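Using the working numbering, the first residue of the sequence shown is number 1, and each one after it goes up by one.
Below: one structure, written as structure tokens.
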Amino acid sequence: MTQQEMHDHILELVKEYCDTYHNQPKEFHPGDRIPYASRVYDHEEMVNLVDSALEFWLTAGRYTSKFEREFARFLGVKYCSLVNSGSSANLCAFMALTAKELGNRAVRRGDEVITVAAGFPTTVAPMIQYGAVPVFVDITIPQYDIDVTKLEKALSPKTKAVMIAHTLGNPFNLKAVKEFCDKHNLWLVEDNCDALGSKYELDGVEHYTGTIGDIGTSSFYPPHHMTMGEGGAVYTNNPLLNKLIRSFRDWGRDCYCAPGRDNTCGHRFDGQYGELPFGYDHKYVYSHFGYNLKATDMQAAIGCAQIKKIPAFIERRRHNFDRMLAGLQDLKDKFILPAPAEHSKPSWFGFLLTCKEGVDKVEVCRFLEAHGIQTRTLFAGNLIKHPCFDEMRATGKGYRVVDTLDNTDRIMRDTFWLGVYPGMTDEKIDYMVKELHEAVK
Numbered sequence: 001m002t003q004q005e006m007h008d009h010i011l012e013l014v015k016e017y018c019d020t021y022h023n024q025p026k027e028f029h030p031g032d033r034i035p036y037a038s039r040v041y042d043h044e045e046m047v048n049l050v051d052s053a054l055e056f057w058l059t060a061g062r063y064t065s066k067f068e069r070e071f072a073r074f075l076g077v078k079y080c081s082l083v084n085s086g087s088s089a090n091l092c093a094f095m096a097l098t099a100k101e102l103g104n105r106a107v108r109r110g111d112e113v114i115t116v117a118a119g120f121p122t123t124v125a126p127m128i129q130y131g132a133v134p135v136f137v138d139i140t141i142p143q144y145d146i147d148v149t150k151l152e153k154a155l156s157p158k159t160k161a162v163m164i165a166h167t168l169g170n171p172f173n174l175k176a177v178k179e180f181c182d183k184h185n186l187w188l189v190e191d192n193c194d195a196l197g198s199k200y201e202l203d204g205v206e207h208y209t210g211t212i213g214d215i216g217t218s219s220f221y222p223p224h225h226m227t228m229g230e231g232g233a234v235y236t237n238n239p240l241l242n243k244l245i246r247s248f249r250d251w252g253r254d255c256y257c258a259p260g261r262d263n264t265c266g267h268r269f270d271g272q273y274g275e276l277p278f279g280y281d282h283k284y285v286y287s288h289f290g291y292n293l294k295a296t297d298m299q300a301a302i303g304c305a306q307i308k309k310i311p312a313f314i315e316r317r318r319h320n321f322d323r324m325l326a327g328l329q330d331l332k333d334k335f336i337l338p339a340p341a342e343h344s345k346p347s348w349f350g351f352l353l354t355c356k357e358g359v360d361k362v363e364v365c366r367f368l369e370a371h372g373i374q375t376r377t378l379f380a381g382n383l384i385k386h387p388c389f390d391e392m393r394a395t396g397k398g399y400r401v402v403d404t405l406d407n408t409d410r411i412m413r414d415t416f417w418l419g420v421y422p423g424m425t426d427e428k429i430d431y432m433v434k435e436l437h438e439a440v441k
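Put into structure tokens, the structure is as follows:
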């Protein structure tokens, strides 16, 4: 048997193994555990993973290049950089805005970035870690996105950027935020980690979220719209931002050669960089204080199979959301039901419920969990109430709040969400609807 024949035989066995021992349909019984999210895959992902393992390149390679091309093509953007997580994607996106190449528009320590406190902490963490100042604005209910009427009040001479997420797939008011950023020459970073496939109509044209601002980010953690296990992406249409993103991802180096490649520019030994000797090896010239945020080719191999499934995943998420919404219409006296943003077509990550007066969120969640239904809060609830803010809260330094965060605090107290991931059947959705009715009796 030749090497190629053995390789093909192994992959055929992997396909057979996956089809036999993974993803076999299981009959649902009321009370069976219903997770808020889970991986949805078939033998294509497993075959790609083993194919990459047999090649044993390990770091970024052919699957990485393929994924970056195909993901950019799906979103309709020019550039995509694969990273090892959605949190790293946010770090890379923010740090790109601090680069000296951006001149007066670069974010400096002490500059301000407008954001929200009701979300995931790694949207905000890069700002604080760098020394920028997050400016927290309240959000609206039932959209759970930034209150755009507060944007002008949040502005100061130090404002350089807006960096916010599309909450659980529901796009924020991109028209208002984009106009605000354009008016004041601010960067816009869309944290798209929970909204892959969501669409927003701007000036009569429908765009995928993450592609309207200067930079978009995605996460490929198992609960997300597609998965690599761990992984993320940073994307942009701006060639300079793309170069900076790649530099910060790849140790901060000036060189843009792919792993294992040398002298792509053809000037490896004939440049002058800083105070280094003339001709210093360009592959080891560092223009920024960067990181190593690359993903492995094995992760990218899984992603290449998952990309093909994104349209079906999105449609199933919308179907599950709509079915749950229809089933809960008679509970409007108990819960505030979620509403999509104007001009949007969300790819829902979850189904948010805010308890009305007389309904105890903790008791409802306990009831649901006891009946096999996994619940989640809206991540940090109000980030500035967490222990990581203790020192800043005590000194009153390091962040700023615009007016009050009343809705943010209400979400912290009264809001939870349930999953609508593509692996859920109508039977499971209907069971969750039934148990929600039971929980508030």
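The beta-carbon is built from N, C-alpha and C at its ideal position, and this holds for glycine as well.
Just so you know, these numbers come straight off a predicted model, no measurement behind them.
Item, Value
"Beta strand (DSSP E) containing residue 206: first to last residue?", "205-208"
"Let me check one thing: in DSSP terms, what residues is residue 163 bridge-paired to?", "189"
"Measuring only the C-alpha atoms, how far is residue 434 from residue 29?", "14 Å"
"My understanding is that residue 341 touches residue 142, with C-beta atoms under 8 Å, so please give their C-beta distance in whole angstroms.", "At roughly 10 Å, the Cβ-Cβ gap does not stay under 8 Å, so residue 341 and residue 142 are not in contact."
"Identify every residue that forms a DSSP beta bridge with residue 250.", "292"
"I think residue 107 touches residue 113, with their Cβ atoms under 8 Å apart; what is that distance to the nearest whole Å?", "7 Å"
"Hey, how far is the Cα of residue 120 from the Cα of residue 1?", "52 Å"
"Return the CA-CA distance between residue 213 and residue 92, expressed in angstroms with no decimal places.", "15 Å"
"Out of 344, 65 and 305, which has the shortest C-alpha to C-alpha gap to residue 203?", "344"
"How many whole angstroms separate the CB atoms of residue 419 and residue 350, which I take to be in contact at a CB cut-off of 8 Å?", "6 Å"
"Can you say whether residue 387 is buried or exposed, counting buried as having 16 or more other CB atoms within 10 angstroms of its CB?", "exposed"
"From residue 41 to residue 247, what does the alpha carbon distance come to, in whole angstroms?", "33 Å"
"Can you tell me whether residue 87 is helix, strand or coil according to DSSP?", "helix"
"Between residue 384 and residue 432, how many whole angstroms is the CB-CB distance? I'm expecting something under 8 Å.", "Contact doesn't hold; Cβ gap of about 32 Å is too wide."
"How many Å lie between residue 77 and residue 198 at the Cα?", "15 Å"
"Kindly indicate which three-state DSSP category residue 64 falls into: helix, strand or coil?", "helix"
"Tell me, to the nearest whole angstrom, how far the beta carbon of residue 85 is from that of residue 196; I am working on the premise that it is less than 8 Å.", "The Cβ separation is near 15 Å, so there is no contact."
"Can you tell me whether DSSP reads residue 211 as helix, strand or coil?", "coil"
"Kindly indicate which residue of 24, 20 and 16 has the alpha-carbon position closest to the one of residue 423.", "24"
"Would you mind reading off the limits of the beta strand (DSSP E) that contains residue 134?", "133-137"
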